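Colleague: Following this message is one structure expressed as structure tokens.
Residue numbers (this note's numbering): 2 to 1052.
Quick look at the structure:
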């Protein structure tokens, strides 16, 4: 028994099944976590190695290259890039999308283990980081303090961080920029010499005295006692009283040769927030946690903790990703609501029956709620992708129910009882309904197979649309006929007084039907002219493609921006601070929309997540700026960003700058075209980069021109005489360690208090390490136990070295990044950049130039979409060929597709919208949407032909009969996308291009389909009078006794 017969015969069972689906859907919806995007596990790993005191060249030679040699052999490695900074090396590994990252992590860990034996002895073990979206902070707070500033790190750790770490779903709480406690032992080298002591001896003495030693057990009487020697410092003040030895019967204490200070660590990276000193508090969530719930609970715990914190400690939100998620999802839910209302109104407008409209409207929640069951079952979240998928599907889920209900209604109007009409009406169309659904699935299912960034963004969209439209088909052939049998009435005529508006609409639709039939008859008699005219329209639209601008992804206004500003290389951090505060003052005075200004300047000694996100250095200024919400300001974030650029441009000290409106910030938040220069020689690549940068500034709409390698900075290099080293029994490594310990500090012991550990750093007092003369006079104990000055072993020269060195595929690379201005397409900047490369002169043969950056990502994504388009076209053709048992009919129907693309082109041009991957995906979606109209039309024409009606009459009658269903399904799809296309809330920028593309393609293709398809159908049927039975007889002419009138089954 068929499903629709069963549903009609067992209405209560059918109703209970769908109620159960609704209950499961609601239960799933309640338990769904909320996030911005689906879970992403991009195939990237990062290896970070810290080597304090080493410059970028040393990091490259002694760390980066050694690690690269081992990592290059890891399986499934697609690309390896690295950047060597002062103190730090960062190696980024990109794997193939099908790679297993757990196995890749193990392989990388093994490679690092192999490299360790060749790395410097005093280097920290490299850390391996796996990037995913959960690493991005959901909350970033600015923390400022006055009197509590020196101890803010400890205060936050005791009073707040422990509390936040207990919040369910919190992965980590990071405090950046807060001062760290440390114990400095600043030595006087002259006193050391007088007492015949060395810095290393003092460091080892501190380590030896700062220990608790277990000395066994002692049995005394009936008791067994553990014996310990207590030596660990209970107070930092004890350190200065360590006995170093005796001389001339006088005890020598540490305070006799050094100043011991329990203080905060010398700040190398300073943070200010609205001019107040402090740090940045970042909270990240666990991978499967609900971002909104975690952020809400974290805020609650922060409010409770503030009651226990000193009153001078203040918190301000710099970035609240959960707030953006909530507003984006609320905006999409509002879009979904308006789309539902529009769809229901269209259905009622055409059908004029409240009962019929109610039956169609039920299809929407049932179809959409199944998506929540899918999300819950697969462990996914409710996010902007899933909700946008529902917004896209809402106009399509009613199509099948409309077709079924309209056919059932016709049977009722002809006098059939609702129960029989429901069965017969559904029986006539159920197969075509399933086929049109398969056409839609043929377009969206390939999305689930796409890899790369496109796959990450749209795989969930493909699954959800496929599931919802399949559910809508199941509903259309089961619940819809059942409800029709129960709710529809034989007579449901509307009176003129009560429904005069509907009668007016009905009369207008009747006139439209008649006018359209007359138009089709004219078209059939002038089909050659019509086909040529339509072809000319399509070819003309193709010529407009050169005016379409291309882009990667639309940017969102999230009320945040990040700023990178570079000043003179080698500049002291104090000078950078001076300029930073001037910029701060000007922004505060000129841009009232900005409420929080977070400044960060200096460099980090240790590897951290921030190291991956931002370039740091004494001459580098990084800024986080937060504006008031969108609803509270008239100007967009992009206009405000342009004003920030104008301010930066007015400072001659600022040599380079970039302003990013991306929420991720840092280098990862940019939207740029990179010109990549691959070559080993620094001077050659720098010359080319500077030449390119000059020409890039002349590109209209090009902003934030940035050369990735800073100017060489001055440094002091000790050139040792190898002969002298040999005579004194020394090696370069030993001399380097002597100098490093005295300048950077000797660190081999820690002071413990209240469960925390603090470094004890032994070094020369600042006044003995701040001049060239003092460094030259550093005392070294040679291999014979004699004292010798550093200057006797070599000389100190001024040397210029790069502050950062980038490598790609084990070759040095230098990038010139160009950011498009607001409204300027990424593709235009890329085209102009390619012209610069082509016109370059004096490019050595060992230097290569390429276009990269986000434009490279864009090209890869467009390539994936082209593959997706071709696959969709093939699958759609296969489905229709199987339905019609014809190779010709699918071709006729698919003629609507090029005109859908014409509509997309016109819509993008009229709205000044760029062709991004989101808009391109909307164009591909049209392949499945617009062919449904053609299927309905051709199927009915064939039905008319089977009934013996002549060709032109069959086409005209079929077109008139199918006009309303086609208009109804098209309008539901179009109006379902209107809220997405015109929405102005948070996150709407991402999906607006798709809405515009689908609306433009649907409007244009619907009009053209209803004209070009009948014309081409008539033109391809040359006889103009044969019917299907005669065609079959011709196919079976080899059967002599075959008679179509007798041998074919009767209808």
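Ideal placement from N, C-alpha and C gives every residue a C-beta, glycine not left out.
Predicted model, so just to flag it, every value in this text is computed and none were measured.
1) Look at the alpha carbon of residue 167 and the alpha carbon of residue 30, and state the distance between them as a whole number of angstroms.
2) For residue 119, I'd like the list of residues in its chain whose CB is within less than 8 Å of its CB, leaving aside the five on either flank, ordered along the chain.
3) Can you give the Cα-Cα distance for residue 278 and residue 270, rounded to whole angstroms?
4) Considering only their Cβ atoms, is the gap separating residue 600 from residue 145 smaller than 8 Å?
5) Cutting at 6 Å between CB atoms, please list the residues of its own chain near residue 153, excluding the five before and the five after it.
6) Cα separation between residue 384 and residue 397?
7) Jot down the residue ranges of each uninterrupted beta strand (DSSP E) in the region 241–272, minimum 3 residues, whole runs only, in chain order.
8) Mind checking residue 1084: buried by the 16 CB within 10 Å criterion, or exposed?
9) Work out the CA separation of residue 188 and residue 194 for me, nearest whole Å.
10) Looking at the secondary structure, which residues open and close the beta strand (DSSP E) in which residue 1015 lies?
11) Rounded to the nearest angstrom, how far is the Cβ of residue 1001 from that of residue 907, given a contact under 8 Å?
12) Residue 1004 to residue 967, Cα distance in whole Å?
13) Quick one: is residue 199 buried, meaning 16 or more other Cβ sit within 10 Å of its Cβ, or exposed?
14) Between which two residues does the alpha helix (DSSP H) containing residue 598 stretch?
15) Buried or exposed: which applies to residue 934, given that a residue is buried once 16 or more other Cβ atoms fall within 10 Å of its Cβ?
16) Determine contact between the region 93–113 and the region 709–725, defined as no fewer than three beta-carbon pairs at a distance below 8 Å.
17) For residue 11, which of helix, strand or coil comes out of DSSP?
18) Flag this pair as yes or no: are the beta carbons of residue 752 and residue 201 separated by less than 8 Å?
19) Looking only at DSSP bridge pairs, what is residue 551 linked to?
20) Taking the alpha-carbon positions, what's the residue 799 to residue 718 distance?
21) Can you tell me the Cβ-Cβ gap for residue 841 and residue 689, rounded? I've got them flagged as a contact below 8 Å.
22) What would DSSP say about residue 280, mapped onto helix, strand or coil?
23) For the alpha helix (DSSP H) containing residue 93, name the first residue and the last one.
24) Taking C-alpha atoms, which residue in 437, 486, 375 lies nearest to residue 412?
25) Smallest Cα separation from residue 884: which of 351, 83, 434?
26) Within the continuous beta strand (DSSP E) that includes residue 211, where are the two ends?
27) Could you tell me how far apart the beta carbons of residue 64 and residue 90 are, in whole angstroms, since I believe they sit closer than 8 Å?
28) Taking 8 Å as the cut-off, does the region 920–938 touch the region 566–578 (at least 3 CB pairs, one atom from each stretch)?
29) By the DSSP assignment, the alpha helix (DSSP H) with residue 407 in it spans what residues?
30) Using C-beta distances below 7 Å, list every residue in its chain close to residue 286, excluding the 5 sequence neighbours before and after it, in chain order.
31) Could you tell me whether the region 760–773 touches the region 803–815, using the rule of 3 or more Cβ pairs below 8 Å?
32) Starting from residue 236, trace the alpha helix (DSSP H) in both directions and tell me its first and last residue.
33) With a Cβ-Cβ cutoff of 8 Å, do residue 959 and residue 932 count as a contact?
34) By alpha-carbon positions, which one of 84, 262, 52, 62 ends up nearest to residue 125?
35) By DSSP, does residue 756 sit in helix, in strand, or in coil?
36) If you check the beta carbons only, do residue 388 and residue 334 fall under 8 Å apart?
Modeller: The structure says:
1) Cα-Cα distance, rounded: 26 Å.
2) Only residues of its own chain outside the window of five on either side were considered, and among them 67 have a CB closer than 8 Å to the CB of residue 119, listed in chain order.
3) Whole-angstrom Cα-Cα distance: 12 Å.
4) Taking C-beta atoms as the reference points, residue 145 and residue 600 fail to come closer than 8 Å.
5) Cβ within range, chain order: 146, 179.
6) Going by the C-alpha atoms only, they are around 21 Å apart.
7) Within the region 241–272, the complete beta strand (DSSP E) segments of 3 residues or longer fall at 244–248, 251–254, 259–265, listed in chain order.
8) Here the chain comprises residues numbered 2 to 1052, so residue 1084 is not present and cannot be evaluated.
9) Their Cα atoms are separated by approximately 11 Å.
10) From DSSP, residue 1015 is part of no beta strand (DSSP E) but of the alpha helix (DSSP H) over 989–1021.
11) Correct: roughly 6 Å between the Cβ atoms.
12) Annotation: residue 1004 to residue 967 spans about 12 Å, alpha carbon to alpha carbon.
13) Buried is the call here.
14) For residue 598, no alpha helix (DSSP H) run applies; the uninterrupted beta strand (DSSP E) run containing it begins and ends at 595–603, by DSSP.
15) Residue environment analysis places residue 934 among the buried positions, since at least 16 neighbouring C-beta atoms fall within 10 angstroms of its C-beta.
16) Result no; under three Cβ-Cβ pairs closer than 8 Å.
17) In the structure shown, residue 11 sits in coil (DSSP, three-state: anything other than H, G, I, E or B).
18) Going by beta carbons, residue 752 and residue 201 fall outside the 8 Å limit.
19) DSSP output for residue 551 lists 916 as bridge partner(s).
20) So the two alpha carbons sit approximately 6 Å from each other.
21) Going by Cβ atoms, the distance from residue 841 to residue 689 rounds to 7 Å, so yes, they are a contact pair.
22) In the structure shown, the three-state DSSP call for residue 280 is strand.
23) Per DSSP, residue 93 belongs to no alpha helix (DSSP H); it is in the beta strand (DSSP E), 89–96.
24) Minimum Cα distance to residue 412 is reached at 486.
25) Closest option to residue 884, Cα to Cα, is 434.
26) Looking at the DSSP string, residue 211 is not in any beta strand (DSSP E), and its letter there is neither H nor E.
27) That belief holds up - the Cβ atoms of residue 64 and residue 90 are roughly 5 Å apart, short of 8 Å.
28) Cβ pair count under 8 Å is below three, so no.
29) From DSSP, the alpha helix (DSSP H) with residue 407 extends over 400–414.
30) Cβ within range, chain order: 135, 139, 170, 171, 172, 292, 295.
31) Segments in contact, no.
32) Taken as a continuous stretch (DSSP letters only), residue 236 belongs to no alpha helix (DSSP H), as it is neither H nor E.
33) The answer is no: Cβ separation not under 8 Å.
34) Measuring from the Cα of residue 125, the nearest candidate turns out to be 52.
35) The answer is coil: DSSP assigns residue 756 none of H, G, I, E or B.
36) Yes, the pair counts as a contact, with Cβ atoms nearer than the cut-off.
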